[in-house]
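Asker: Here the sequence shown is numbered in full-length UniProt numbering, starting from 1 and rising by one per residue. No residue lacks a Cβ here, since even glycine has one placed at the ideal position from N, Cα and C.
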Amino acid sequence: MGLLDRGLEIKTPDQVRAMRRAGLVVGETLQLLRGAVRAGISTADLDVIAEDSIRSAGATPSFKGYHGFPASICASVNDEVVHGIPGARVLADGDLISIDCGAIVDGWHGDAAITVAVGEVPDEVAELMRVTEEAMWRGIGAARIGGRVTDISHAVETHVRAQGGYGILEDYVGHGIGTQMHLPPNVPNVGRPGRGPRLVEGLALAVEPMVTLGTKETDILEDEWTVVTSDASWAAHFEQTFALTANGAWVLTALDGGEAALTALGVPFGPLAD
Ligand code: MG
Ligand code: MG
1 MGLLDRGLEI KTPDQVRAMR RAGLVVGETL QLLRGAVRAG ISTADLDVIA
51 EDSIRSAGAT PSFKGYHGFP ASICASVNDE VVHGIPGARV LADGDLISID
101 CGAIVDGWHG DAAITVAVGE VPDEVAELMR VTEEAMWRGI GAARIGGRVT
151 DISHAVETHV RAQGGYGILE DYVGHGIGTQ MHLPPNVPNV GRPGRGPRLV
201 EGLALAVEPM VTLGTKETDI LEDEWTVVTS DASWAAHFEQ TFALTANGAW
251 VLTALDGGEA ALTALGVPFG PLAD
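1) Consider the C-beta atom of Glu51 and the heavy atoms of ligand 1; say whether any pair is separated by less than 6 Å.
2) For ligand 2, which residues have a Cβ under 6 Å from at least one heavy atom, in chain order?
3) For Val211 versus Tyr166, is the C-beta distance shorter than 7 Å?
4) What ranges does the beta strand (DSSP E) occupy inside the segment 145-196, keeping only unbroken runs of at least 3 residues that lie completely in it?
5) Looking at the structure shown, is residue 275 part of a helix, part of a strand, or coil, going by DSSP?
6) Going straight from the alpha carbon of Glu239 to that of Trp137, what length do you get?
7) Output yes or no for whether 7 Å exceeds the beta carbon distance between Ile177 and Thr241.
8) Which residue's Cα is closest to the Cα of Ala92: Gly102, Asp100, Asn78?
9) Nearest CA to the CA of Pro70: which residue from Glu80, Ile85, Arg17, Gly58?
10) Report yes if the C-beta distance between Leu252 and Gly110 is below 7 Å; otherwise report no.
11) With a threshold of 16 other CB atoms inside 10 Å of the CB of Leu8, please say whether the residue is buried or exposed.
12) Please state whether the Cβ-Cβ distance between Ile54 and Val25 is less than 7 Å.
13) If we ignore side chains and look at the alpha-carbon of each, how far apart do Ser56 and Ala142 end up?
14) Looking only at its chain, what residues have a beta carbon closer than 7 Å to the beta carbon of Ser62, apart from the 5 residues adjacent to it on each side?
15) Within 10 angstroms of the Cβ of Ala254, are there 16 or more other Cβ atoms? Answer buried if so, exposed if not.
16) Tell me the start and end of each unbroken beta strand (DSSP E) in the segment 224-248 that is at least 3 residues and wholly inside, in chain order.
17) Starting from the Cα of Ile230, find the closest Cα among Leu213, Glu157, Ile152, Val118 and give me that residue.
18) When the Cα atoms are used, what is the spatial distance from Ala236 to Ser98?
19) For Glu133, which option in Asp106, Lys64, Gln163, Gly107 has the closest C-alpha, if you only look at C-alpha atoms?
20) Can you grab the Cα-Cα spacing for the pair Gly107 / Thr179, in whole Å?
21) Would you kindly work out how many angstroms separate the C-alpha atoms of Ala260 and Val90, rounded to a whole number?
22) Please list, in chain order, all residues of the same chain as Ala22 whose beta carbon is under 7 Å from its beta carbon, the five residues on each side excluded.
23) Could you check whether Gly196 and Ile10 sit closer than 7 Å to each other, using their CB atoms as the reference points?
24) Cβ of Val190 within 7 Å of Cβ of Leu205?
25) Grouping DSSP H, G and I as helix and E and B as strand, with all else coil, what is Ile41?
26) Kindly give me the distance between the Cβ atoms of Gly87 and Ala44, rounded to whole angstroms, as I take these residues to be in contact under 8 Å.
Written out as structure tokens, the structure is:
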């Protein structure tokens, strides 16, 4: 177990390295799924691919059985924002699918999500994806030892607002992660900087903006899981798990550790040596 500092689970460098192993399973599984998304595949097929990938890596799918969730991924299509249940739905050209995935290795969790276009999508949908993914990286890039959690929130919100009239979900947020998938603190996607818990070495967080082409308001379908926009506008969701090391942010679920995106933003990239 990590040490608890003011209710936050603080990881040792060796524990962060263990989380990297879980993060890589998630990153590799999402890469596989990105390549598998095409018109004609069902979301249940994607779930099978994900579970095989996770288990063949010696890991456990963290979503399966989580509060009764029946699958290894969340698959959320078009106006579904998050928590969609994989099933018989067959993807069609022009759809937008968000895939969220979690895995456990030696008790340590990784959690990440991507949004993928199925074939060609309208420009405004491609822009929605770009803005959401960029906002996630801006958020991660705003995390500094000695800063505060809402520095991340502010960076996410500021980037999205500067790009257009998008909706940013407030009812669902990022989170601490480690020995459990969801730990304190919450990491909102909107807010003023300089608030919330202090960011310290060994803190691991999942940053996950959920952005829509319309409203921030959502409803939950009768399956009691799937979150949809109240105005049926389409949504994107990107997520990465990162840890703060003495050197900077190490994006545990990114195959390159976040090096390319963080370097492009001109912020420290902080992998730990083996
Ligand atoms: Mg997730
Ligand atoms: Mg998450």
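Answerer: In terms of the structure at hand:
1) Working through the sequence shown from its first residue, we reach residue 51 at position 51. Not so, every heavy atom of ligand 1 lies at least 6 Å from the Cβ.
2) Asp111, His175, Ala206, Glu208, Glu239
3) Along the sequence shown, read from residue 1 onward, the residue named residue 211 stands at position 211. Along the sequence shown, read from residue 1 onward, the residue named residue 166 stands at position 166. Yes, these two residues count as a Cβ contact at 7 Å.
4) If one requires a minimum length of 3 residues, the beta strand (DSSP E) runs lying completely within the segment 145-196 are 174-176, 183-187, in chain order.
5) Any question about residue 275 goes unanswered here, given that the chain covers just 1 to 274.
6) Sequence index remark: in the sequence shown, residue 239 carries index 239 (1-based). Sequence index remark: in the sequence shown, residue 137 carries index 137 (1-based). Answer to the nearest angstrom: the Cα atoms are 9 Å apart.
7) Along the sequence shown, one-based indexing puts residue 177 at 177. Along the sequence shown, one-based indexing puts residue 241 at 241. In this structure, Thr241 lies closer than 7 Å to Ile177 by Cβ.
8) Numbered from 1 along the sequence shown, position 92 holds the residue referred to as residue 92. Ranking Gly102, Asp100, Asn78 by Cα distance to Ala92 puts Asn78 first.
9) What you label residue 70 is simply residue 70 of the sequence shown in a count that begins at 1. If you compare the alpha carbons of Glu80, Ile85, Arg17, Gly58 with that of Pro70, the shortest gap goes to Ile85.
10) Indexing the sequence shown from 1 puts residue 252 at position 252. Indexing the sequence shown from 1 puts residue 110 at position 110. Yes, Cβ-Cβ distance for Leu252 and Gly110 is below 7 Å.
11) Here residue 8 is taken as the residue at index 8 of the sequence shown, counted from 1. Taking all protein chains shown into account, Leu8 has 16 or more neighbouring C-beta atoms within 10 Å of its C-beta and is therefore buried.
12) Here residue 54 refers to the residue found at position 54 of the sequence shown. Here residue 25 refers to the residue found at position 25 of the sequence shown. Yes, the Cβ-Cβ distance between Ile54 and Val25 is below 7 Å.
13) On the sequence shown, position 56 is the one that residue 56 refers to. On the sequence shown, position 142 is the one that residue 142 refers to. Computed Cα separation, rounded: 35 Å.
14) Numbered from its first residue, the sequence shown carries residue 62 at position 62. Close CB contacts of Ser62 within its chain, under the 7 Å cut and outside five residues either way in sequence, are with Gly102, Ala103, Ile104, His109, Met181 (chain order).
15) Reading the sequence shown from its first residue, position 254 is the one you call residue 254. Ala254 should be labelled buried.
16) Counting whole runs of 3 or more residues, the segment 224-248 contains the beta strand (DSSP E) stretches 227-229, 235-237, 240-244.
17) Here the question's residue 230 lines up with position 230 in the sequence shown. Sequence inspection shows Ser at residue 230; the Ile mentioned does not correspond to that position. Ranking Leu213, Glu157, Ile152, Val118 by Cα distance to Ser230 puts Leu213 first.
18) The count along the sequence shown starts at 1 and reaches residue 236 at position 236. The count along the sequence shown starts at 1 and reaches residue 98 at position 98. Going from the Cα of Ala236 to the Cα of Ser98 covers about 6 Å.
19) Here residue 133 refers to the residue found at position 133 of the sequence shown. Of the candidates Asp106, Lys64, Gln163, Gly107, the one whose C-alpha sits nearest the C-alpha of Glu133 is Gln163.
20) In the sequence shown, the residue the question calls residue 107 occupies position 107. In the sequence shown, the residue the question calls residue 179 occupies position 179. Distance between the alpha carbons of Gly107 and Thr179: 6 Å.
21) If you number the sequence shown from 1, residue 260 lands on position 260. If you number the sequence shown from 1, residue 90 lands on position 90. If you draw a straight line from the Cα of Ala260 to the Cα of Val90, it comes to about 34 Å.
22) Residue mapping note: residue 22 aligns to position 22 of the sequence shown, counting from 1. Taken in chain order, the residues that qualify are Ala59, Ala103, Ile104, Val105, Trp108, His109, Gly110.
23) The residue you call residue 10 lines up with position 10 of the sequence shown. The residue you call residue 196 lines up with position 196 of the sequence shown. The answer is no: Cβ separation not under 7 Å.
24) In the sequence shown, the residue the question calls residue 190 occupies position 190. In the sequence shown, the residue the question calls residue 205 occupies position 205. Cβ atoms of Val190 and Leu205: not closer than 7 Å.
25) Counted from its first residue, the sequence shown places residue 41 at position 41. Ile41: coil per DSSP, three-state reduction.
26) Looking up residue 87 in the sequence shown gives position 87. Looking up residue 44 in the sequence shown gives position 44. Yes, Gly87 and Ala44 are in contact; Cβ-Cβ is about 5 Å, under 8 Å.
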